[in-house]
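Take 1 as the starting number for the sequence shown in full-length UniProt numbering and just add one per residue.
Note that beta-carbon positions come from the ideal geometry of N, C-alpha and C, so glycine has one too.
Take a look at the structure set out below.
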Amino acid sequence: MKAKNIVIIILISVSGLFAQKTRNVELGEVKKLELNTGNSYPGTVNPCENTRLSFRVSGPLVEVAAAPGDNVKKGDLLMQIDPRDYNDSISVLEANLARAKAEKLKTKLDYDRAKKLFSQNVIPKADYDAAKSAYESAEASIQSTQAQLQIARHKLEDTSLRAPYEGVITEQFAENHEMIQKGQVVMSMQDISRLEVDINVPENEIVNYELERGKEAGVKFPAFGEKLFSASLSEWNTSASNRTRTYQLTFTLDPQGSQLLPGMTAELSLKTNTQAGKTIVPAGAVVSLGRNRSAVWVYNEENGRASKKEVSAGRLYGSSKIVIESGLKGGETIVTKGADFITEDTELRDTAQSENTEISAR
1 MKAKNIVIII LISVSGLFAQ KTRNVELGEV KKLELNTGNS YPGTVNPCEN
51 TRLSFRVSGP LVEVAAAPGD NVKKGDLLMQ IDPRDYNDSI SVLEANLARA
101 KAEKLKTKLD YDRAKKLFSQ NVIPKADYDA AKSAYESAEA SIQSTQAQLQ
151 IARHKLEDTS LRAPYEGVIT EQFAENHEMI QKGQVVMSMQ DISRLEVDIN
201 VPENEIVNYE LERGKEAGVK FPAFGEKLFS ASLSEWNTSA SNRTRTYQLT
251 FTLDPQGSQL LPGMTAELSL KTNTQAGKTI VPAGAVVSLG RNRSAVWVYN
301 EENGRASKKE VSAGRLYGSS KIVIESGLKG GETIVTKGAD FITEDTELRD
351 TAQSENTEIS AR
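This is the structure we're talking about:
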């Protein structure tokens, strides 16, 4: 019996809520405005190229020609491995090549003689085949030795570590006279003629930006005060970080002769999209009609009431607004707060008149 009484009381209370003839709501006028909005994101400066250098051959280090902080040009010598063993290998192979060429001359004479005698039926075919095989073997030996000699010369070239591009040496990992192994990282360098700034944009904000290569943005650096640098979008991730649910965007900029360095912090300002003819309203203004249909309450000043108008609600804009794809043209006054608790018979009292609320239609 008590449970029934409670249910009756609750039903009476709820029905009483919607039976109120006057409700306090907040109203806002939909206006078409050109908004120049955007957000700022913290970022980090990175070099366009960051390379860890190593030798393709092993040997004792006999020269260090560059040190961290040095500016180098493409092709400049950075380090040198002792080339003597590689020079010796070339000398041996050159001697082998000379011997192979001499052997080829001898076997060529034998082969020509055997060919003539075989045509005159003076020697058996087995002798002819043996002479031919010896000549072909000498020819193959020359080709093999030439290939080995080319490899040896490449290895000799690889005893010199040279800058792959113009840049600055950042770290040195080996000292002179150390025994260096093939593939061991001995030095690193960066190309800072162009710099990159990486930012991370939350998933609920990335949809507000038109991502296209070359999109301009302004960048400031604490180390340079209010000086504004221009950057352009060069690449972006199309999948969010599993840990932060953010998308990384990379912007490229010209340091303009300044002392901008990798690792410095930055603040990048990015303008949002402008969408002509699309209205952005507070999320609280949109009510659900079910089956993926939505509506807003349009206020009528003559009778102080509102009528429900179906709209096409689009994506979320920012964290608290919704894009209206169609249904509003601008100039309407709509209920922005309290829309879930009114009917077409409810008289409305605007509690936000003094705030002069406006809603942007872009």
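For Y209, there is no enclosing alpha helix (DSSP H), as DSSP marks it with neither H nor E.
Using a Cβ distance threshold of 8 Å, L161 and I90 do not count as a contacting pair. In the structure shown, R99 adopts helical secondary structure according to DSSP, grouped into three states.
A straight-line Cα-Cα distance of about 18 Å links V323 and R291.
Beta-bridge partners of R293 (DSSP): G290. Secondary structure within the region 73 to 97: the beta strand (DSSP E) runs of 3 or more consecutive residues, fully enclosed, are 77 to 81 (chain order).
The beta carbon of G218 is closer than 8 Å to those of L228, F229, S230, A231, L268, S269 in its chain, skipping five residues each way along the sequence. Within the UniProt domain "CusB-like beta-barrel" (197 to 273), the runs of beta strand (DSSP E) that reach at least 3 residues and sit entirely inside it are, in chain order, 216 to 220, 229 to 236, 246 to 253, 265 to 271.
In chain order, V197, D198, G263, M264, T265, A266 place their CB closer than 8 Å to the CB of T44, counting only its own chain and leaving out the 5 sequence neighbours on each side. Put simply, the backbone Cα of K108 is about 28 Å away from that of I151. Per the Cβ contact rule, the region 60 to 80 is in contact with the region 164 to 180 (3 or more Cβ pairs under 8 Å). Taking a C-beta distance under 8 Å as the contact criterion, P47 and Q190 qualify as a contact pair. About 20 Å separates the beta carbons of T343 and G28, which is beyond the 8 Å limit, so they are not a contact pair. Measuring C-alpha to C-alpha distances from P164 to each of S119, D76, A95 identifies D76 as the nearest.
In this structure, P255 lies away from L328, with their beta-carbon atoms at least 8 Å apart. One Cα belongs to E171, the other to Q248, and the distance between them is close to 27 Å. At the C-beta level, N204 and S319 come within 8 Å of one another. A direct Cα-Cα distance of roughly 7 Å separates E226 from K220. In the structure shown, G330 adopts coil according to DSSP, grouped into three states. The three-state secondary structure of D191, taken from DSSP, is strand.
Per DSSP, the beta-bridge partners of N50 are Q190. The C-alpha of T272 is placed about 31 Å away from the C-alpha of D350.
When rounded, the separation of the alpha-carbon atoms in Y111 and K132 is 5 Å. Distance check between I169 and each of E325, R84, K73 places K73 closest, using alpha-carbon atoms only.
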